[in-house]
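Student: Take this structure first; my questions come after.
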Amino acid sequence: MTKLKLGALADDKPVKVTREYPATLFRDLQLYGRLLAQPGQPPIEPEKLIVPMLERFLATDREFQKARRSAG
């Protein structure tokens with residue numbers, strides 16, 4: 321299995337958000353969902369990847385974390 325930056329997703333209650341994304345980004349999210357899925361399981365839907373990816377991005381952005389600590 322490919323070592324991806326995003327790990328297993330928490331089973332969380334979904335919140336409906338409607339957004340439009342470029343087709344190329346959506347296709348990349350579909351591929352990521354196929355790569356992240358456990359063998360024999362269906363691919364993870366792109367919509368379920370967006371929040372964990374954003375959370376991971378924010379958690380690893382040093383300047384954001386620094387500014388967040390300063391603001392609080």
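What the sequence shown shows, in this note's numbering, is residues 321 to 392, in sequence order. Where is the CB? At the ideal position from N, CA and C, for every residue including glycine.
#1: Flag this pair as yes or no: are the beta carbons of Pro366 and Leu349 separated by less than 9 Å?
#2: Who are the Cβ neighbours of Leu326 in its own chain at under 8 Å, not counting the five residues just before and after it?
#3: Could you round the C-beta distance between Ile364 and Leu324 to whole angstroms and report it? I think they count as a contact, below 8 Å.
#4: Express the C-alpha separation of Ala387 and Asp381 in angstroms, rounding to a whole number.
#5: Using three-state DSSP, classify Gln361 as helix, strand or coil.
#6: If you follow the alpha helix (DSSP H) that Arg389 is in, where does it begin and where does it stop?
Tutor: Taking the coordinates as given:
#1: Working through the sequence shown from its first residue, we reach residue 366 at position 46. Working through the sequence shown from its first residue, we reach residue 349 at position 29. Closer than 9 Å, so yes.
#2: If you number the sequence shown from 1, residue 326 lands on position 6. Once the five neighbours on either side are set aside, the close Cβ partners of Leu326 are Tyr352, Leu356, Leu369, Pro372, Met373, Arg376.
#3: In the sequence shown, counting from the first residue as 1, residue 364 sits at position 44. In the sequence shown, counting from the first residue as 1, residue 324 sits at position 4. Actually they do not touch by this definition, with Cβ atoms about 11 Å apart.
#4: If you number the sequence shown from 1, residue 381 lands on position 61. If you number the sequence shown from 1, residue 387 lands on position 67. In a straight line, the C-alpha of Asp381 is about 10 Å away from that of Ala387.
#5: Stepping through the sequence shown from its first residue, residue 361 is reached at position 41. Reduced to three states, the DSSP call for Gln361 is coil.
#6: In the sequence shown, residue 389 corresponds to position 69, counting from 1. Looking at the DSSP string, the run of the alpha helix (DSSP H) that includes Arg389 is 382-391.
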